[in-house]
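Q: So the sequences go chain by chain: A and B. So that you can map any letter, position 170 of the first sequence is 170 in UniProt numbering, and since no number is skipped, the others follow by simple counting. So that you can map any letter, position 164 of the second sequence is 164 in UniProt numbering, and since no number is skipped, the others follow by simple counting.
2 protein chains.
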Amino acid sequence: MATIKEVAAKTGLSPTTVSRVINNHPYVDDSKRKKVLQAMQELGYVPNSSARRLRGQKTNTIAVIISRIVNPFFSHLVDAMERIAGEKGYQLILCDSRLNKDRELAHLELLKAKQVDGIILASLQNDWEAIEPFTKYGPVICCNEYDIKAQMPVIRCDQQYGGYIGTKHLIEKGHTKIAYAGGADRIQLTLDRKTGFLKALKEHGLTLPEEWMFPSFYGIEDGKNIFQRIYAMEDRPTAIFAGGDEVAAGIIQEAKRFHCRVPDELAVVGFDNQPIADLIDPGITTIEQPMKLMGTRAMEMMVDMIKNKKKVTYKKEILPLQLVVRQST
Amino acid sequence: MATIKEVAAKTGLSPTTVSRVINNHPYVDDSKRKKVLQAMQELGYVPNSSARRLRGQKTNTIAVIISRIVNPFFSHLVDAMERIAGEKGYQLILCDSRLNKDRELAHLELLKAKQVDGIILASLQNDWEAIEPFTKYGPVICCNEYDIKAQMPVIRCDQQYGGYIGTKHLIEKGHTKIAYAGGADRIQLTLDRKTGFLKALKEHGLTLPEEWMFPSFYGIEDGKNIFQRIYAMEDRPTAIFAGGDEVAAGIIQEAKRFHCRVPDELAVVGFDNQPIADLIDPGITTIEQPMKLMGTRAMEMMVDMIKNKKKVTYKKEILPLQLVVRQST
DNA sequence: CTGAAAGCGCTTACAG
DNA sequence: CTGAAAGCGCTTACAG
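1. Quick one: list the residues of chain B neighbouring A/Ile93, beta-carbon separation under 8 Å, in chain order.
2. Please state whether DSSP places B/Ala267 in a helix, a strand or coil.
3. State buried or exposed for B/Glu203, treating a residue as buried only when at least 16 other CB atoms are found within 10 Å of its CB.
4. Is the CB of B/Met263 under 8 Å away from at least one CB in chain A?
5. Take the Cβ of A/Ser67 as the centre, count every other Cβ of all protein chains shown within 10 Å, and call the residue buried at 16 or more, exposed below.
6. Note down, in chain order, each residue of its chain lying with its Cβ closer than 8 Å to the Cβ of A/Lys256, except the 5 sequence neighbours on either side.
7. Figure out for me which residue from B/Asp29, B/Glu317 and B/Met291 has the closest Cα to the Cα of B/Met301.
8. Taking the beta carbon of B/Ser75 as the centre, do at least 16 other beta carbons fall within 10 Å, making it buried, or is it exposed?
9. I want to see whether chain A comes within less than 8 Å of B/His259, judged by CB atoms only; does it?
10. Short of 8 Å Cβ to Cβ, which residues in the UniProt domain "HTH lacI-type" (2 to 56) of chain A face chain B?
11. With 7 Å as the C-beta to C-beta threshold (strictly closer), list the residues of the segment 98 to 121 of chain A near chain B in chain order.
12. Of all Cβ atoms in chain B, is any one closer than 8 Å to the Cβ of A/Asp79?
13. Using 8 Å as the limit for Cβ to Cβ distance, is A/Val70 near chain B?
14. List, in order along the chain, the chain B residues whose C-beta lies closer than 8 Å to that of A/Ala249?
15. Rounded to whole angstroms, what is the Cα-Cα separation between B/Glu254 and B/Gln228?
16. Cβ closer than 8 Å: which chain B residues qualify as neighbours of A/Ser123?
17. Check whether the segment 72 to 87 of chain B and the segment 89 to 98 of chain A touch, using three or more Cβ-Cβ pairs below 8 Å as the test.
18. Taking Cβ-Cβ distances shorter than 7 Å, what residues in chain B pair up with A/Gln253?
19. With A/Val247 as the anchor, note down where its alpha helix (DSSP H) starts and where it stops.
20. Can you give me the C-alpha to C-alpha distance between residue 373 of chain B and A/Arg52, rounded to a whole angstrom?
21. Pairs of beta-carbons, one from the segment 171 to 181 of chain A and one from the segment 122 to 138 of chain A, closer than 8 Å: are there three or more?
22. Inspect the beta-carbon positions of A/Ile4 and A/Ala63 and report whether they are closer than 8 Å.
23. Looking at the secondary structure, which residues open and close the beta strand (DSSP E) in which B/Lys316 lies?
24. So, does the CB of A/Tyr137 fall closer than 8 Å to a CB anywhere in chain B?
25. What residue from A/Leu279, A/Pro320 and A/Val269 has the CA that sits closest to A/Val292's CA?
26. Shorter than 8 Å from the beta carbon of A/His204 to some beta carbon of chain B?
27. Looking only at its chain, what residues have a beta carbon closer than 6 Å to the beta carbon of A/Ile131, apart from the 5 residues adjacent to it on each side?
28. Taking the C-alpha atoms as reference points, what is the distance between B/Glu221 and B/His259?
29. Would you mind working out which of B/Thr61, B/Tyr314, B/Phe214 and B/Ala200 sits nearest B/Ala242, comparing C-alpha positions?
30. Skipping 5 residues on each side, what residues in its chain have a beta carbon closer than 8 Å to that of A/Ala249?
31. Would you mind giving the Cβ-Cβ distance between A/Leu208 and A/Ala179, rounded to the nearest angstrom? I have them listed as a contact below 8 Å.
32. Does the Cβ-Cβ distance between A/Gly183 and A/Tyr161 come in under 8 Å?
33. Sorted by chain position, which residues of the same chain lie with C-beta nearer than 7 Å to A/Tyr231's C-beta, five sequence neighbours on each side aside?
34. When you compare only the Cα positions, how much space is there between A/Pro153 and B/Met294?
35. Can the beta-carbon of A/Val46 be found closer than 8 Å to that of B/Lys112?
36. When the cut-off is 8 Å and only beta carbons count, does A/His76 lie next to chain B?
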């Protein structure tokens, strides 16, 4: 691979001038600029990224940490981020924590090693105490997940409201026995969602037995599993609010297999409004999360923070959520 | 951020020795090693990635080029790659070509800029002539898509066989009027699949009218569109072989909306065996592609090529495909 | 086992 | 408008 020196030698100019041409610096004689451009072309010269990074102290690379790329929620989020990053001239490093704390921490080290200019946390396995030390090495923002104590910018949805409207919808449909399948309480996002759920129940004087709460479930198989557990109960709920469309889809599919009619015998509400919610039969009533918008805004904010080094005042953007009614309720 | 010099100063040793400790070099006095380790700990020292890259001429980063991350096929492929990359100590840069030739070429430049050690092409928009010049700057391999003329390693599935067995299955079910929805002929993968399709037809003396061929379709919306076009035909096919489960799902959903019974009035075969194939009703008969295996093997091969600089002899791995029968046929 | 020195390939004051 | 020189932070022969 040709270096800047070779281009300089070929043109009889100095590396400094070649560098100026590469970087579109003004004050370069036009005929010389042309000569350099041509030499670069002929040599197939491309500036060495590592040298530029070392010298310029920036990488034009951003890392995004997610917990499971095969979850359509995350793939849509990442899709939006990748698009904006590309437009702004940044590369995207995909980091999958696979719900593991240590792996998340290892990915955060990229910032200390100056391997990335910033990190977007779309999943959050560690407490703010563990994340905080990294924030002095560069911008770190939350997108989607969040921690109430965290002193960092965040773009997220109003999860409590989402939990509330989904539950309210079920109650309005006449349900009084409503089960809940969400994530762990240590995750603020799922905790808030549950708080909204409980708030709706409370407003209507409803309670729920311990066994109707299913913590920490994520995929289709988990949904199937949940249905079986519900089906085996003496006192069954007539509706369930699931923490994701994949879980909801699993519940519905398994219900069909056991000839349990949805929504007549069991109404189901999902979360996300993934493509699958509209494809399966019955369609899943769900809470739409604006993944594209969230990914776009997060990446725009990150690039903005990188470019305007001055610490952006700790920003918070909360996006609206809305109910999409289909046939599962 | 602390540098190696500061660690050296703090311990009273030379940068050379500190470097040796960082790199687990033998021949370092044990007590000195401990001192260095402690100083690094206290200073929160992490080696600067750019400096190491520049000096060592390697980046420990690999780029994967796909065409649409929200396609579950690609997200599963990328998931497998990310896992192996992490295990082997590599970062993964996600590059989405969005089916655009120029964007693909721009991503290949990463290799010339020495910003990555190698590139895995899981999507292929350009001809071999356009790709070839990049191969002298580092390992480039194909995974999934391929070009018959390409002189580079490839891990792929036997697409022709896939097209053949899917069609054969429909013929065995008694169909003689079979439509086909695949990608463009300029893509070798889809061309081979079509060749397999046509081979099966030919073996049974079947032909198909021009209007039963739907080129270049990818997503759910395209599937819906295709169904409508079929539905409007005077002489309708009784079965269709779609180039992906998303397209098949779109066809099935739209068929339901028009009260066209699947498989009785229209049998549908998909491709990939994505989760959705098992979730929608009727389940999609499809050709299973081993995405996890393909992604894993591709990343293993890439790391192997990077580590053993000697040009690996142009390798070719063809993975088996198999029919998964569900209710859509 | 240890360290001084060179150099990876750039960019940026600085001086002209 | 142009160039010589320094330096970003490492690692690796080389010499001891």
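A virtual CB, placed ideally from N, CA and C, is assigned to each residue, including glycine. Remember, predicted model here, so these are calculated numbers, not experimental data.
A: Reading off the structure:
1. Taking a Cβ-Cβ cut-off of 8 Å, the neighbours of A/Ile93 in chain B comprise Thr61, Gln91, Leu92, Ile93 and Leu94, given in sequence order.
2. strand
3. exposed
4. The sequence given here has Pro at residue 263 of chain B, not Met. Answer no: the Cβ-Cβ gap between B/Pro263 and chain A never drops below 8 Å.
5. buried
6. Take A/Lys256, set aside five residues on each side of it, and the residues of its chain with a beta-carbon closer than 8 Å to its own are Val262, in chain order.
7. Nearest C-alpha to B/Met301: B/Glu317.
8. buried
9. no
10. Gly44, Val46, Pro47, Asn48, Ser49, Ser50, Ala51, Arg53 and Leu54
11. Glu109, Lys112, Ala113, Lys114 and Gln115
12. yes
13. yes
14. Leu279
15. 8 Å
16. For the C-beta of A/Ser123, not a single chain B residue is nearer than 8 Å; the gap to the nearest is close to 14 Å.
17. Flag = yes, the segment 72 to 87 of chain B and the segment 89 to 98 of chain A touch.
18. Leu279
19. Asp245 to Arg257
20. Because chain B in this structure spans residues 1 to 329, residue 373 of chain B falls outside the shown range and cannot be described.
21. no
22. no
23. Lys316 to Leu319
24. yes
25. According to the sequence shown, residue 292 of chain A is Lys rather than Val. Checked all of A/Leu279, A/Pro320 and A/Val269; the closest Cα to A/Lys292 is A/Pro320.
26. By this cut-off, A/His204 is not an interface position.
27. none
28. A direct Cα-to-Cα measurement between B/Glu221 and B/His259 gives close to 18 Å.
29. B/Phe214
30. Ile220, Gly223, Gly270, Ile276, Ala277, Ile280 and Ile284
31. Confirmed, Cβ separation roughly 7 Å.
32. no
33. Phe258 and Cys260
34. 38 Å
35. yes
36. yes
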